[in-house]
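Using full-length UniProt numbering, read the sequence shown as starting at 1 and increasing by one per residue. Note sheet for the following structure.
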Amino acid sequence: MLFPLCVPQLTVGVIGAGKLGSQIALRLHGNNIRVLASVKTERSRQRLSALGLEVYTDNKVVVDNSDILILSVKPTNLSELDFKADKPLISFVAGATLDYLRRFSPRPYRAMTNVGLTAIAVAGTYDEEVDKLLSHIAPTFWVEEKLIDPLTVLLGSGPAIVAELALALIRAGVNIGIPWDLSREIVLSLMASLPSLDDRLTLEKLAQYVATPGGTTIKALVAISPAEEIIAKALEEAHNRISKLRQ
Numbered sequence: 001m002l003f004p005l006c007v008p009q010l011t012v013g014v015i016g017a018g019k020l021g022s023q024i025a026l027r028l029h030g031n032n033i034r035v036l037a038s039v040k041t042e043r044s045r046q047r048l049s050a051l052g053l054e055v056y057t058d059n060k061v062v063v064d065n066s067d068i069l070i071l072s073v074k075p076t077n078l079s080e081l082d083f084k085a086d087k088p089l090i091s092f093v094a095g096a097t098l099d100y101l102r103r104f105s106p107r108p109y110r111a112m113t114n115v116g117l118t119a120i121a122v123a124g125t126y127d128e129e130v131d132k133l134l135s136h137i138a139p140t141f142w143v144e145e146k147l148i149d150p151l152t153v154l155l156g157s158g159p160a161i162v163a164e165l166a167l168a169l170i171r172a173g174v175n176i177g178i179p180w181d182l183s184r185e186i187v188l189s190l191m192a193s194l195p196s197l198d199d200r201l202t203l204e205k206l207a208q209y210v211a212t213p214g215g216t217t218i219k220a221l222v223a224i225s226p227a228e229e230i231i232a233k234a235l236e237e238a239h240n241r242i243s244k245l246r247q
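The structure is reproduced here in structure tokens:
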């Protein structure tokens, strides 16, 4: 008599199920992956338990009963952690280097994503199991560790920065007489169309294609050209902040 092959279920532990950690846990939950999560307060435990997660206020329970660990605590809380586990540890903590993470596990990985879980940058020795797990959350790309800090700014902070730019365009539309809801709808549709426009023209050629000599677009582009320096400075300030988090 033949019996069905029983494939052991992977158990993933999320240490620090806050804003990002809880989204990661919920994205993994249900993909034949058992998710354990730890939080600081009973209130948070009850809130996430209501969403179907196994949640604890004790990190040890999560560490001891997981096959792979995901670390998503605030950088300022990193020094409070006290565990050592010989299992893969994927850290989404800004500024925490691979060398630092080895105090928790001999198999560390640094990763970065954003609140929209649109992509994940990963640094560390390539591991198929880790890549497969993270692919349940978002598309992955493996990079050298030196790129994780800059990507923390561009990928991690990017949604907030792009949202502010979108709001600036919306307000500018309102300023010239377009109703708010219509201005908002147009700006969001413009941003959604960028990938297809990039495929056809590339972003570098788009402005050149649209901006005719003496026309409205070139006037607008000349007026906003100082904004590029401001954006570059903003990302530089955010990048410098990562170094301060390590101190």
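Think of the CB as a built atom: it goes at the ideal place given N, C-alpha and C, for glycine as much as any other residue.
Query, Result
"Cβ-based neighbour list, Pro108, same chain, cut-off 7 Å, excluding 5 preceding and 5 following", "Leu89, Ser91, Leu98, Leu101, Arg102, Gly124"
"Cutoff 7 Å; reference Gly116; Cβ partners in own chain excluding five residues on either side", "Pro159"
"Ranges of the beta strand (DSSP E) found wholly within the segment 66-132, counting only runs of at least 3", "68-71, 89-91, 108-112, 120-123"
"Residues near Cys6 in its chain [Cβ-Cβ closer than 7 Å; skip 5 each side]", "Summary for Cys6: the model assigns pLDDT 48, below 50, so the residue's position carries little reliability; its value from the coordinates is reported in the next sentence. Hits under 7 Å: none found."
"Simplified DSSP assignment, three categories, for residue 264", "There is no way to answer for residue 264, as the model of the chain reaches only from 1 to 247."
"Residues near His136 by beta carbon distance below 6 Å, same chain, minus five either side", "Leu28, Asn31"
"Ser72 beta carbon less than 8 Å from that of Thr11", "no"
"Minimum C-alpha distance to Trp142 - residue among Val222, Leu190, Lys219, Tyr126", "Tyr126"
"Collapsed DSSP secondary structure at Leu10 in the structure displayed", "strand"
"The alpha helix (DSSP H) enclosing Ala207, as first and last residue numbers", "203-210"
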